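First comes the structure, then the notes that go with it.
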Amino acid sequence: MITDNFLRTPLTEFIADLKKKKINRFYFIYSADKEKLISSRPEFEYLAAEILNNKRDFNKHEGLFFELTDKYDSLLGAFIHKTNRGQGQGGVRFWDYEHLGDFISDGLRLSEGMTRKNALAGLWWGGGKGIITHSPGVDRKDPEVRKYIFRKYGEFITSLKGAYLTAEDVGTNTPDMYEIYKHTRFCTCIPPETGGSGNPSAPTAMGVVAGMEAGLEFLGLGTLQDKTIAMQGAGNVGLPMIQFLFEKGVKNVIVCDINPENIKRAKDKFSGKNMTAELVGIDDLSIFGHDCDIFAPNATGAIINPESIPMLKAKIVCGAANNQLQNPERDGKALMDKGITYIPDFLTNRMGIVNCANEQYGYVDNDPYFHRHLDKEWEHSIYKTSLEVLGNSKKSGLSPALEAIKLADHHAASLHPIFGHRANMIIQNLVAEGWENKL
Ligand code: NAD
């Protein structure tokens, strides 16, 4: 049974109820005039009301679209937050959710995060997020399961007519993107063999290094030359980051990881360099206590929190991990109070999305539309935006995390210079054509 509090409804029960009622599509659309979230089905008006009341995660999201797969009981979601700057864009994750509320909250939060990341990067994209729920008992590694689910996701995206553009995210990879791409043109991060931009991890590392340089400049500490960097996570982003840091002349790097293979890779790649790689347990926070100039969280989110902040000895925190602050308001302030300069993650880790942003416009060597994000001149470059955010924070007394959100929300209100609010027109069109009954 679906309970009257959707946050507590187990996802499996919600899906069973959809099947019983033969509902395979539904949506929620925000009406700015009525300040109401409108449900495609009267039986889900209680869900619309609860989503609207979820003040923490809901922020006038323009459209939320859902479809249930015939096989494997996956709920496909496209969460479109704000499309003033263009189509709602953001990766699709393939993930387990225990409750319906966790699934919806994640989509709401992550799609708003993409609006901000894209706007701060000066990209002409709005914010969106895809989620595919994984059902218990289904083998997610089975190639047939993946092929079916990603084909269905591609068809689902096609049905949304371009209001949402998808990309790779947690739980999905480039071959999955290719499977989606076979069934929709509204997909980025496809493999280079099919004209895509491929793995974005090294560009992401470059962007974070540009953020570190801005932090040092802001504090009057010069360049990365002779600095010490402590890093959590030597994965796809961490490893190339070490390389870029040595190229910038850092004195030494201390890195930790929970995966022995990644520690070995780091040791092999940087033997002869001044680098220490430590294998740690998952709850080991000793890396936070190292004497260093910069601490780079390159592993998981929510790692900057009341337990880890008191241990930090760095002057700057700047890394690739998404949502590093467990609580942006509380932890942003705690870092400031401790005299630590925080460069917000969604500002510096943008290069993954930048890497695939202009796939459809083709490729040139040393693409200026890519490199301007890493230079010191362009108004939306990581370096300049970081300095702007840190300057605003110094003036206002608000943390850099909150100042970055303010600046992002300001840019997110701009309309696409050619297409205006076209993606919202698409959403209205889907409603008018009865999208929910078209399967
Ligand atoms: P990854 O999985 O390749 O690397 C993460 C590494 O962190 C792994 O080696 C893992 O073993 C290690 N790790 C996990 N928990 C740890 C812990 N408690 N202590 C120490 N090490 C731990 O992921 P990635 O692609 O390198 O991405 C790193 C972070 O950056 C992630 O949070 C990701 O969401 C974010 N990010 C990545 C990109 C990208 O282009 N890959 C873009 C934007 C943001």
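For the sequence shown, our numbering gives the first residue as 3, with consecutive numbering after it. We treat Cβ as the ideally placed atom computed from N, Cα and C, and that holds for glycine. Predicted model, so just to flag it, every value in this text is computed and none were measured.
For this session: Would you tell me roughly how many angstroms separate the C-alpha atoms of residue 31 and residue 432, rounded to the nearest one?
Result: For this step, residue 31 is matched to residue 29 along the sequence shown. For this step, residue 432 is matched to residue 430 along the sequence shown. Using only the alpha carbons, I get a separation of about 10 Å.
Exercise. How about residue 429 and residue 65: are their beta carbons less than 8 Å apart?
Worked result: Within the sequence shown, numbered from 1, the residue matching residue 429 stands at position 427. Within the sequence shown, numbered from 1, the residue matching residue 65 stands at position 63. Against a cut-off of 8 Å, the Cβ pair of residue 65 and residue 429 comes out as a contact.
Exercise. Who are the near neighbours of residue 217 in its chain, counting only those whose CB is closer than 6 Å to its CB and skipping five residues on each side?
Worked result: Here residue 217 refers to the residue found at position 215 of the sequence shown. So the qualifying residues of the chain are 318, 320, 343, 345.
Exercise. Given residue 94, which residues of its chain have a CB within under 8 Å of its CB, disregarding the five upstream and five downstream residues?
Worked result: Residue 94 sits at position 92 when you count from the first residue of the sequence shown. Closer than 8 Å at the Cβ level, and outside the excluded window around residue 94, lie 131, 132, 133, 134, 155, 168, 169, 170, 171, 174, 182.
Problem set entry | Cβ shell of residue 254 (< 8 Å), same chain only, five flanking positions each side left out | One-based indexing of the sequence shown puts residue 254 at position 252. These residues qualify, in order along the chain: 230, 231, 276, 277, 278.
Problem set entry | Residue span of the beta strand (DSSP E) that contains residue 261, given as start and end | As a position in the sequence shown, residue 261 is number 259, starting the count at 1. Premise fails: residue 261 is in no beta strand (DSSP E) and is neither H nor E.
For this session: Pick out the complete alpha helix (DSSP H) segments inside the segment 370-407, 4 residues or longer, and give them in chain order.
Result: 370-373, 384-398
For this session: Give a yes or no on whether the C-beta atoms belonging to residue 347 and residue 325 are separated by under 8 Å.
Result: Mapped onto the sequence shown, residue 347 falls at position 345. Mapped onto the sequence shown, residue 325 falls at position 323. Their beta carbons are under 8 Å apart, which means residue 347 touches residue 325 by this criterion.
Problem set entry | residue 354 beta carbon near the ligand NAD (any heavy atom closer than 7 Å) | Along the sequence shown, read from residue 1 onward, the residue named residue 354 stands at position 352. Yes, Cβ of residue 354 sits closer than 7 Å to a heavy atom of the ligand NAD.
For this session: Return the CA-CA distance between residue 421 and residue 339, expressed in angstroms with no decimal places.
Result: As a working note, residue 421 is residue 419 in the sequence shown. As a working note, residue 339 is residue 337 in the sequence shown. Each residue's Cα considered, the two are about 44 Å apart.
Problem set entry | Segment contact flag, the segment 386-394 with the segment 56-74, C-beta cutoff 8 Å, min 3 pairs | no
Exercise. What residue does the alpha helix (DSSP H) around residue 247 start on, and which one ends it?
Worked result: Taking the first residue of the sequence shown as 1, we reach residue 247 at position 245. Segment 240-249, the alpha helix (DSSP H) holding residue 247.
For this session: Quick one: residues in its chain with C-beta nearer than 6 Å to the C-beta of residue 39, no 5 flanking neighbours on either side, listed in chain order?
Result: The residue labelled residue 39 in the question sits at position 37 within the sequence shown. Cβ neighbours of residue 39 beyond the five flanking positions: 30, 32, 50, 53, 54.
For this session: In the DSSP assignment, find the alpha helix (DSSP H) that holds residue 158 and state where it starts and stops.
Result: Position 156 of the sequence shown, counting from 1, holds the residue named residue 158. Counting along the chain, the alpha helix (DSSP H) containing residue 158 begins and ends at 145-161.
Exercise. Can you round the beta-carbon distance between residue 84 and residue 139 to whole angstroms, since I take them to be within the 8 Å contact cut?
Worked result: Counting from one through the sequence shown, the residue named residue 84 turns up at place 82. Counting from one through the sequence shown, the residue named residue 139 turns up at place 137. The Cβ separation is near 37 Å, so there is no contact.
For this session: Helix, strand or coil for residue 167, going by three-state DSSP, please let me know.
Result: Your numbering for residue 167 matches position 165 in the sequence shown. Looking at residue 167 - three-state DSSP - the assignment turns out to be strand.
Exercise. Do three or more CB pairs link the segment 348-360 to the segment 250-264 at distances below 8 Å?
Worked result: no
Problem set entry | Rounded straight-line distance, which links the Cα of residue 177 to that of residue 195 | The residue given as residue 195 occupies position 193 in the sequence shown. The residue given as residue 177 occupies position 175 in the sequence shown. Residue 195 and residue 177: Cα-Cα distance of roughly 11 Å.
For this session: Give the straight-line distance between the Cα atoms of residue 441 and residue 122, rounded to the nearest whole angstrom.
Result: Along the sequence shown, one-based indexing puts residue 441 at 439. Along the sequence shown, one-based indexing puts residue 122 at 120. Near 37 Å, if we compare the C-alpha coordinates of residue 122 and residue 441.
Problem set entry | Closest Cα partner of residue 8 within the set 80, 45, 296, 286 | As a working note, residue 8 is residue 6 in the sequence shown. Measuring from the Cα of residue 8, the nearest candidate turns out to be 45.
Exercise. Where DSSP assigns a beta bridge to residue 12, which residues make up the other side?
Worked result: Along the sequence shown, one-based indexing puts residue 12 at 10. Paired residues: 101.
Exercise. Excluding sequence positions up to five away, which residues of its chain have a Cβ less than 8 Å from the Cβ of residue 3?
Worked result: Residue numbering aside, residue 3 sits at position 1 when the sequence shown is read from its first letter. Note on residue 3: pLDDT 43, under 50, position unreliable in the model; the coordinate value appears next. Closer than 8 Å at Cβ, skipping near neighbours: 15, 19.
Exercise. Is it the case that the CB of residue 120 approaches a heavy atom of the ligand NAD more closely than 7 Å?
Worked result: Taking the first residue of the sequence shown as 1, we reach residue 120 at position 118. Incorrect: residue 120 has no Cβ contact closer than 7 Å to the ligand NAD.
For this session: For residue 12, verify whether its CB is less than 7 Å away from any heavy atom of the ligand NAD.
Result: For the purposes of this step, residue 12 is taken as residue 10 along the sequence shown, with counting starting at 1. No, the beta carbon of residue 12 sits no closer than 7 Å to any heavy atom of the ligand NAD.
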